[in-house]
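In my numbering, the protein residues as written are 344 to 454.
Here you go:
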């Protein structure tokens with residue numbers, strides 16, 4: 344159950360962080376205005392809270408592992424929200440990052 348909770352929290356954190364950054368991007372680069380920017384800032388703050396709820400209490404481990412989720416999630420967000428078409432190297436790199444995340448977070452440790 345702990346791994347499932349952790350994975351759900353990683354996905355939630357990714358939605359908040361990537362979504363927040365996307366909202367700020369839309370507000371600034373696509374000239375959608377301050378409401379989009381403000382919503383993005385709120386979402387980015389919620390990302391910080393979602394990351395703290397991870398069952399593992401090691402900040403460095405959680406944030407390092409989240410990096411893999413962020414990479415894969417950013418590509419997926421681009422596909423869904425912006426019509427981005429990743430090539431095989433994008434997909435391969437994202438999969439490598441997810442494997443790295445799994446090793447960092449879920450490898451058996453002797454303690």
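For each residue, glycine too, the CB sits at the ideal point set by N, CA and C.
Ordered along the chain, which non-local residues of its own chain (more than five positions away) have a Cβ less than 7 Å from that of residue i?
i	result
residue 444	408, 411 and 412
residue 397	349, 352 and 405
residue 390	356, 359, 360 and 363
residue 369	375 and 379
residue 371	380
residue 458	For the chain, the structure presents residues 344 to 454; residue 458 sits outside this window and is missing.
residue 447	404, 407 and 408
residue 386	359, 362, 363 and 366
Which same chain residues, not among the five before or five after residue i, have their C-beta less than 8 Å away from its C-beta?
i	result
residue 418	427, 429, 433, 434 and 437
residue 394	352, 356, 405, 406 and 409
Give every residue of the same chain whose Cβ lies closer than 6 Å to the Cβ of residue i, excluding the five residues on either side of it in the sequence, and list them in chain order.
i	result
residue 414	437 and 440
residue 399	405
residue 416	357 and 361
residue 345	398
residue 388	none
residue 384	none
Query raised in the report: Where in the region 359-430 do unbroken runs of the alpha helix (DSSP H), each at least 4 residues long, occur, reported from the N-terminal end onward?
Result: 377-395 and 402-425
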